[in-house]
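Using this note's numbering, the first residue of the sequence shown is number 12, and each one after it goes up by one.
A quick write-up on the structure given underneath.
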Amino acid sequence: MTLEEELKERYEHWNHLKQYGCQDPFWEDGCNMNLVRNHIIYIKRQMEEQGIQSELLDKEIPPEVDRTYIARADEIRKNANKSLSIYKKDKDYQYLISVVDRLNKRQIEDTCIKNVIGYCRGLEEFIKRDALVDMRRHERYERYLQSFRECRKRVEEILKEPEVFVKTQLSIMDFIGV
């Protein structure tokens with residue numbers, strides 16, 4: 012890819028981020044837009060140093076953006092509330108909530124049930140705090156529903172197995188209750 016093609020692509024990417032945002036799970040769109048802006052400045056400087064002529068060199072550099080800018084903020088909020096509603100109605104999620112107290116510590120760790128249930132509780136907290144980057148991770152709720160399904164299968168397998176008690180020799184201390 013030539014520098015001119017790369018510069019054109021960077022401008023298009025910046026505009027795309029401004030309108031649609033990105034799917035970065037940890038950073039706001041403003042951070043990513045400013046990063047792309049820096050790429051544009053760098054590529055223009057390289058083109059000038061190499062004597063490459065292009066009308067793109069006259070194109071205005073995109074403005075620096077507030078790093079907390081998030082595109083589609085209202086849409087993200089709406090989608091987060093929709094996802095939360097879907098999670099709470101999901102039969103697998105409801106099952107997990109109903110059986111979590113029947114599992115011992117080891118079973119809880121083996122099934123990751125607390126983490127999986129935490130997706131829903133976490134989303135509630137993100138909505139309450141208006142944490143748009145975190146809410147954005149839940150726009151594609153299908154993968155979380157898949158986690159509910161897979162966790163349910165693991166829990167059902169564990170609950171089907173009879174509890175195994177390991178026989179050990181008792182000591183005098185067991186009898187005294189120490």
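Glycine included, every Cβ here is placed at the ideal spot set by N, Cα and C.
Check, Outcome
"Taking only three categories from DSSP, how would you classify tryptophan 38?", "coil"
"Please report the straight-line C-alpha distance between leucine 18 and proline 36, rounded to a whole angstrom.", "26 angstroms"
"Output yes or no for whether 8 angstroms exceeds the beta carbon distance between tyrosine 98 and cysteine 131.", "yes"
"Going straight from the alpha carbon of valine 166 to that of glutamate 172, what length do you get?", "10 angstroms"
"Name the residue from Ile63, Gly41 and Glu75 whose alpha carbon lies nearest to the alpha carbon of glutamate 16.", "Ile63"
"Among Glu59, Val76 and Glu75, which has the Cα closest to the Cα of leucine 68?", "Glu59"
"Between isoleucine 51 and leucine 143, how many whole angstroms is the CB-CB distance? I'm expecting something under 8 angstroms.", "That pair is no contact at about 25 angstroms."
"Let me know the secondary structure DSSP gives valine 47 once reduced to three states.", "helix"
"How about asparagine 90 and glutamate 150: do their beta carbons lie closer than 8 angstroms?", "yes"
"Take glutamate 71 as the anchor and find which of Tyr22, Gln61 and Gln57 has the nearest alpha-carbon.", "Tyr22"
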